[in-house]
Amino acid sequence: MHELPVTQSILDIALRHANEAGATRIKDLYLVIGQLSSIIDDSVQFYWDIISEGTIAEGATLHFQRLNAEMHCAVCDLDYRLQEDQFACPQCGNTHVQLVSGDEFYIESLEVETDETPSSDNA
Amino acid sequence: MSKTIPVVEKILSANDELSEVNRSRFDAARVFAMNFMASPGAGKTSVIEQTLKRLGDDLRLGVIEGDIATTIDAERVQEAGAMAVQINTGGNCHLEAYMIRDALSQLSLDELDMLVVENVGNLVCPANFKLGTHKNVLIASVPEGDDKPYKYPGMYRGVDVLILNKTDLLPYIKFNMDYFREGVEILNPGLTTFPVSCHTGEGFDAWIAWLREQAEAMRSQS
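Chains Z and E, in that order, give the protein sequences.
Count along the first sequence starting at 1, add 136, and that's the number in this note's numbering.
Count along the second sequence starting at 1, add 2, and that's the number in this note's numbering.
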């Protein structure tokens, strides 16, 4: 259920950036989502298709880059991936570990079309 | 022609900004505000009732009750002596900053020292939506099982305080405290934790002492 307000936020941000850049159409959206951020891709796409209708983002493709939750053990220096039921360091069993990535939840970039001619491109 | 626009903006940035507005209202009124999150049935409302019972008259607690439907919880905490406002989300699974902004128009912050926002019972998404409160408080309970930090890491990671409720049931339920604490510690090192029982009252003294400290610190801010 929370994918609807999330999708609305994605659309608002995308439209704002596209308008600022003078885009006429948004073709692709690149999202970065960490393992610990709960969101269902299909559900976002479903809402996206509905709420983007009639905007310059209609028909845009959403790309989800999923980042695993990566851990680092402060004791034995091991880098490892967070497992479902065991969070402690698999090498030394320590709990003095840090989450390096996995919290991400942002829009990385947009691929848009503009009316500009290629010669004026200095972006 | 086609071009790439770098964005790098948090998806919930609009909610985050609105939460800052709420925060400044709490700060201006010197109200210590908390966001209570938990699964359904963990005892959010019971913890509020027990807290009200023990706070005495010198600290005034207000409650914003978030529920999908009904006003049962608002009535319960009103009976226990709190100023309460009910928000019905109409199916939404979490509260958002704008809902708190709207609810604040029905509360006199100047007449309060503390505010509890009781979020919708759900361990999945409420932690993603900042409300502007000073502390995110997770209320877990023994019957939910010791594996909840592993199943809902996002929630356990996003809180400032953990209350473990229903500790009176520990002798009757298979709950490995070490396994539970290990998961919590890794996701949220040094998390302030209060094991309590609303049934026996055990553990409430420490929780109330912590609350008083927070409220006093808020009051004495210039």
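Glycine included, C-beta positions come from ideal geometry on N, C-alpha and C.
Query raised in the report: Below 8 Å between beta carbons: does that hold for A16 (chain E) and D239 (chain Z)?
Result: Taking 8 Å as the Cβ cut-off, A16 (chain E) and D239 (chain Z) do not qualify as a contacting pair.
Requested in this report: Answer yes or no: do V87 (chain E) and E67 (chain E) have a C-beta to C-beta separation smaller than 8 Å?
Outcome: Contact: yes.
Query raised in the report: Should R221 (chain E) be labelled buried (16 or more other beta-carbon atoms within 10 Å of its own) or exposed?
Result: For R221 (chain E), the number of other beta carbons within 10 angstroms of its own is below 16, and it is reported as exposed.
Query raised in the report: DSSP puts G170 (chain Z) in a beta bridge; with which residues?
Result: Z:L203.
Query raised in the report: Does the count of Cβ pairs from the stretch 103 to 112 of chain E and the stretch 51 to 63 of chain E closer than 8 Å reach three?
Result: Touching, no.
Query raised in the report: Any Cβ of chain E within less than 8 Å of the Cβ of L151 (chain Z)?
Result: Not an interface residue.
Requested in this report: Compare the Cα-Cα distances from G205 (chain E) to each of E:I7, E:A82, E:D170 and E:I13 and report the closest residue.
Outcome: It is E:D170.
Requested in this report: Provide the residue span of the alpha helix (DSSP H) that contains L140 (chain Z), from first to last.
Outcome: Per DSSP, the continuous alpha helix (DSSP H) segment holding L140 (chain Z) begins and ends at E139 to E156.
Query - Straight-line gap, A76 (chain E) to E120 (chain E) (C-alpha atoms, nearest Å) - result: Taking the Cα positions, A76 (chain E) is about 10 Å away from E120 (chain E).
**Report entry** Closer than 7 Å: L61 (chain E) CB and nearest the ligand ATP heavy atom
**Finding:** As presented, the structure is devoid of all ligands, the ligand ATP included, so that no description of it is given.
Requested in this report: Would you mind sorting Y152 (chain E) into buried or exposed? The rule is 16 or more other CB atoms within 10 Å of its CB.
Outcome: Classification of Y152 (chain E): buried, given that the 10 Å Cβ count is 16 or more.
Query raised in the report: If you compare alpha carbons, which of E:L189, E:L193, E:D180 and E:P145 is closest to L164 (chain E)?
Result: Across the set E:L189, E:L193, E:D180 and E:P145, the C-alpha of E:L193 shows the shortest separation from the C-alpha of L164 (chain E).
Query - Simplified DSSP state of N178 (chain E), which is helix, strand or coil - result: Of the three classes helix, strand and coil, the one that applies to N178 (chain E) here is coil, per DSSP.
**Report entry** chain Z within 8 Å of R103 (chain E), Cβ atoms only
**Finding:** Among the residues facing chain Z, R103 (chain E) is not included, as its CB has no counterpart in that chain under 8 Å away.
Query - Cα-Cα separation, V65 (chain E) to P128 (chain E) - result: Spanning the two alpha carbons is a distance of roughly 17 Å.
Query - CB contact below 8 Å: L14 (chain E) versus chain Z - result: Among the CB atoms of chain Z, one or more fall inside 8 Å of the CB of L14 (chain E).
Query - Chain-ordered chain Z contacts of D149 (chain E) [CB-CB under 9 Å] - result: Correct list: D221.
Report task. To the nearest angstrom, report how far apart C95 (chain E) and C209 (chain Z) are at their CA atoms. Result -> Whole-angstrom Cα-Cα distance: 35 Å.
Report task. Step through the CB atoms of chain E and report whether any lies within less than 8 Å of the CB of T250 (chain Z). Result -> Chain E, which has a Cβ nearer than 8 Å to the Cβ of T250 (chain Z), makes this yes.
Report task. Would you mind reading off the limits of the beta strand (DSSP E) that contains Q88 (chain E)? Result -> First-last of the beta strand (DSSP E) with Q88 (chain E): M85 to N90.
Report task. Pair every Cβ in the stretch 149 to 169 of chain Z with every Cβ in the stretch 244 to 253 of chain Z, then say whether three or more of these pairs are closer than 8 Å. Result -> Verdict: yes, contact present.
**Report entry** Where T202 (chain E) falls: helix, strand or coil (DSSP)
**Finding:** Per DSSP, reduced to three states, the secondary structure at T202 (chain E) is coil, with no helix or strand assignment.
Query raised in the report: Whose Cβ in chain Z lies nearer than 8 Å to the Cβ of Y174 (chain E)?
Result: Residues of chain Z passing the Cβ test: none, with the nearest at roughly 24 Å.
Report task. Figure out for me which residue from Z:Q144, Z:H138, Z:D178 and Z:Y216 has the closest Cα to the Cα of N230 (chain Z). Result -> Measuring from the Cα of N230 (chain Z), the nearest candidate turns out to be Z:Y216.
Query - For G83 (chain E) and I7 (chain E), the rounded distance between their alpha carbons - result: One Cα belongs to I7 (chain E), the other to G83 (chain E), and the distance between them is close to 54 Å.
Query raised in the report: Contact check, K163 (chain Z) vs A196 (chain Z) under 8 Å by CB: the rounded distance?
Result: Sure, about 6 Å apart at Cβ, within 8 Å.
Query raised in the report: Thinking just about the alpha-carbon of each residue, which of Z:S237, Z:W184, Z:C225 and Z:H199 is nearest to the one in L140 (chain Z)?
Result: The candidate whose alpha carbon is nearest that of L140 (chain Z) is Z:W184.
Query raised in the report: Between D148 (chain Z) and chain E, is there a C-beta pair that is closer than 8 Å?
Result: Yes, because at least one Cβ of chain E sits closer than 8 Å to the Cβ of D148 (chain Z).
Report task. For G92 (chain E), count neighbouring C-beta atoms within 10 Å of its own C-beta (all shown protein chains included) and say buried if the count is 16 or more, exposed if not. Result -> So G92 (chain E) counts as exposed.
Query - Within-8 Å CB hit, V126 (chain E) to chain Z - result: Closer than 8 Å to some Cβ of chain Z, the Cβ of V126 (chain E) qualifies, so yes.
Query - Cβ distance (whole Å) where G156 (chain E) is taken to contact L172 (chain Z) below 8 Å - result: Cβ-Cβ separation between G156 (chain E) and L172 (chain Z): approximately 5 Å, consistent with a contact (criterion under 8 Å).
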